[in-house]
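Just below is one structure, and these are the notes that go with it.
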Amino acid sequence: MTGSTDVDLSTIMSLCKRRGFLFQSSEIYGGLASTWDYGPLGVELKNKVKRAWWRRFVWERSDMLGLDAAILMHPQVWVASGHVGNFTDPLVDCTNCRHRFRSDHVEADTCPNCGGVGTFTEARDFNLMFETHMGPVQSEENRVHLRPETAQGIFVNFLNVLNSSRRKPPFGIAQAGKAFRNEITTGNFIFRTREFEMMEIEFFVKPGEDEEWHQRWIQDCMNWYTDLGVEPTRLQLREHEGSELAHYAKRTVDIEYKYPWGWGEIQGIANRTDYDLVAHSEASGESLTYFDEQTKERYTPFVIEPSAGVDRAVMTFLVDAYTEELVTSAKGKSEKRVLLKLHPSLAPIKVAVLPLSRNEKLSPLAHEVHEMIRGAGIVDGLVEYDDTQSIGRRYRRQDEIGTPICVTVDFDSLDDRAITIRDRDTMEQIRVPIEGMIEEIRAHFA
Ligand code: ATP
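The opening residue of the sequence shown carries number 191 in my numbering; numbering runs sequentially from there.
Okay, here's the thing in structure tokens:
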């Protein structure tokens, strides 16, 4: 009936709340603006997104390593990186209603809040870094920032990783973790928040080889989304224009997705040149360079940075997977079926075991089947047991949360020791002997 392009955001938000993907932070106190908590299904999805990313870009490659740096860093890091001076957005105030906006987010000269024309102040720079203090004294010397990106944790550890792992360029370091930006305007659910998570790679290459590696990374990143099932026609690449380029970038290309409100960035892939390593070498006095034993050359590597938002990826997978279709019910009526066609590797619940009813004769066998699937080590995620409500409603719930397969135990199962496996997307049901069930399920997740 519908693909995801015409789903509106409120439909996704209500599904997320109803089914336990995302809740408003501190909801019982009225909520904290633009801040979201991942519920039982949301945390599964988010962890699986990060795992899929790690698997593809660390485990499946021979030129990548991981890192998990602290959120708090030496204050000099942010001075050297240029964030203290440059990590700003242009801010304008409406003198009529006193609302504040990012000047590049308002069209013409009209206030989006009160409609006033020409009521804006001159734009001034607003630094997006959150500040806090380390230790009990709130003095200038104790001031630290919450990191606005994870990248700097990688740059300052460049030598540590190089020396401990004996790598040579081209090689990269991956890191996923929280970042904080005091955004002037937030919104579109988890698309733009002030606390979010990033998955970043800094890939170190010999200068001169940077442009070719940049191009390869753009393609590798794009493939990651499509391999996980995102519809290619809802993805596009967008080249940054000169004036838009960040202070450190030679070239940046964004991967954009067609969200319910229009195209938006999921990920940026920047050529950061040697900007950061040079800046940190100068500021720290440590030479963040590489000496090539073969050519007897010392150089500062150039850096290609694929930088993705975890929450934006989660949002993309949710929106893209959302599907409504018309099906014919058992009573011959036409009805709407909502399903999340999530890639099996991302599904929060992998398998749902559903006894046909709560009849006490069925439950021992159903529990046995549940334990067999859980214990087989074939499914790296939740295996749910659900015997509440009618079987039809339970199928609907599993479809709506994206569970790839349901295993149903019915009264015939007691005699023939066979179960029914139902496919989420095709609704096809096949009868399988319990003995062969594990193989059948394994094939589904292969
Ligand atoms: P935007 O132009 O949307 O503000 P950006 O260009 O500042 O984003 P980057 O600095 O390139 O973003 O950050 C890399 C990635 O981190 C983005 O592609 C996005 O997925 C994610 N990200 C950045 N800011 C936010 C935010 N406020 N909320 C959620 N995710 C974010």
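The beta carbon of each residue, even a glycine, is placed where N, CA and C say it ideally should be.
A498 beta carbon near the ligand ATP (any heavy atom closer than 7 angstroms): Between the ligand ATP and the CB of A498, the shortest heavy atom gap is smaller than 7 angstroms.
C-alpha distance - Q328 paired with T201, whole-angstrom precision: Rounded to the nearest angstrom, the two C-alpha atoms are 45 angstroms apart.
Reduced DSSP category for N347 - H, G, I as helix; E, B as strand; rest coil: N347: coil per DSSP, three-state reduction.
Segment limits, beta strand (DSSP E) that includes Q266: Not the beta strand (DSSP E): Q266 falls in the alpha helix (DSSP H), residues P265 to A270.
In terms of residues, what are the limits of the alpha helix (DSSP H) holding R208? L199 to R209 is the span of the alpha helix (DSSP H), which, as asked, contains R208.
Residue nearest to G367 in terms of C-alpha spacing, selected from G398, R564, V351 and T340: Measuring from the Cα of G367, the nearest candidate turns out to be T340.
Taking all protein chains shown into account, decide if K551 is buried (16 or more other Cβ within 10 angstroms of its Cβ) or exposed. Taking every protein chain shown into account, the CB of K551 has fewer than 16 other CB atoms within 10 angstroms, so this residue is exposed.
Does the beta-carbon distance from D227 to S215 come in below 8 angstroms? The Cβ atoms of D227 and S215 sit closer than 8 angstroms to each other.
Is it the case that the segment 444-461 contacts the segment 491-504, given that we only count it when at least three CB pairs across the two stretches are under 8 angstroms? Contact holds: three or more Cβ-Cβ distances are below 8 angstroms.
With respect to 7 angstroms, is the separation between the Cβ of D501 and the closest non-hydrogen atom of the ligand ATP below this value? For the ligand ATP, at least one heavy atom lies less than 7 angstroms from the Cβ of D501.
Option nearest M505 by Cα separation, candidates A369, N378 and A223: The residue with the shortest Cα to Cα distance from M505 is N378.
Does the ligand ATP have a heavy atom nearer than 7 angstroms to the CB of E431? Distances between the C-beta of E431 and the heavy atoms of the ligand ATP are all 7 angstroms or more.
Three or more beta-carbon pairs under 8 angstroms between the segment 298-307 and the segment 445-456, yes or no? No, the segment 298-307 is not in contact with the segment 445-456.
With a threshold of 16 other CB atoms inside 10 Å of the CB of P545, please say whether the residue is buried or exposed. A residue is called buried once 16 or more other Cβ atoms fall within 10 Å of its Cβ, and P545 is buried on that count.
Please determine if the segment 307-318 and the segment 266-285 are in contact, where contact requires at least 3 C-beta pairs separated by less than 8 angstroms. Enough Cβ pairs lie closer than 8 angstroms, so yes.
Spatial neighbours of E630 within its chain, please: C-beta separation below 7 angstroms, excluding the five flanking residues on both sides. Excluding residues up to 5 positions away in sequence, I611 and V622 lie with their Cβ nearer than 7 angstroms to the Cβ of E630 in the same chain.
Heavy atom of the ligand ATP less than 7 angstroms from the Cβ of L457, yes or no? The sequence given here places Gln at residue 457; Leu does not occur at that position. Taking 7 angstroms as the cut-off, the C-beta of Q457 counts as close to a heavy atom of the ligand ATP.
What separation, rounded to the nearest whole angstrom, lies between the Cα atoms of L529 and E561? Their backbone Cα atoms lie some 26 angstroms apart in a straight line.
So, is S354 buried or exposed, given that buried needs 16 or more other C-beta atoms within 10 angstroms? Counting other Cβ atoms within 10 Å of its Cβ, S354 stays below 16 and is therefore classed as exposed.
Would F291 be called buried (16 or more neighbouring beta carbons within 10 Å of its own) or exposed? F291 comes out buried.
A600 versus A633 - alpha carbon distance: Checking the displayed sequence, the identity of residue 600 turns out to be Asp instead of Ala. Each residue's Cα considered, the two are about 23 angstroms apart.
In angstroms with no decimal places, state the Cα-to-Cα distance between Q619 and G232. If you take the alpha carbons of Q619 and G232, they lie about 28 angstroms apart.
Would you kindly work out how many angstroms separate the C-alpha atoms of R584 and D410, rounded to a whole number? Rounded to whole angstroms, R584 to D410 spans 38 angstroms at the Cα level.
Unbroken alpha helix (DSSP H) run spanning A556, endpoints: It spans S553 to G565 - the alpha helix (DSSP H) in which A556 sits, taken as one unbroken run.
Give the secondary structure of Y449 by DSSP, where H, G and I count as helix, E and B as strand, and everything else as coil. Looking at Y449 - three-state DSSP - the assignment turns out to be strand.
From this set, Y449, T375, M324 and C206, which residue's C-alpha is nearest L262's C-alpha? For the residues Y449, T375, M324 and C206, the minimum Cα distance to L262 belongs to M324.
Pull up the CB-CB distance for V541 and R527, whole angstroms please, since I reckon it's below 8 angstroms. Not a contact, Cβ separation roughly 20 angstroms.
T593, DSSP secondary structure in three states: T593: coil per DSSP, three-state reduction.
Taking the beta carbon of M191 as the centre, do at least 16 other beta carbons fall within 10 Å, making it buried, or is it exposed? Because the pLDDT at M191 is just 48, under 50, the model does not fix this residue reliably, and the point stays unresolved.
I609 versus H557: straight-line alpha-carbon distance, rounded: Between I609 and H557, the C-alpha separation is close to 13 angstroms.
Kindly examine the ligand ATP and report whether one of its heavy atoms sits closer than 7 angstroms to the Cβ of E339. Yes, Cβ of E339 sits closer than 7 angstroms to a heavy atom of the ligand ATP.
Using 8 angstroms as the threshold, is the C-beta distance between T442 and H430 below it? A distance below 8 angstroms separates the beta carbons of T442 and H430.
Would you report the Cα separation of Q426 and E483, rounded to the nearest angstrom? Near 41 angstroms, if we compare the C-alpha coordinates of E483 and Q426.
Would you give the residue range spanned by the alpha helix (DSSP H) that N413 belongs to? D400 to D417 is the span of the alpha helix (DSSP H), which, as asked, contains N413.
Under 7 angstroms: does the beta carbon of F601 sit that close to some heavy atom of the ligand ATP? No, the Cβ of F601 stays beyond 7 angstroms of every heavy atom of the ligand ATP.
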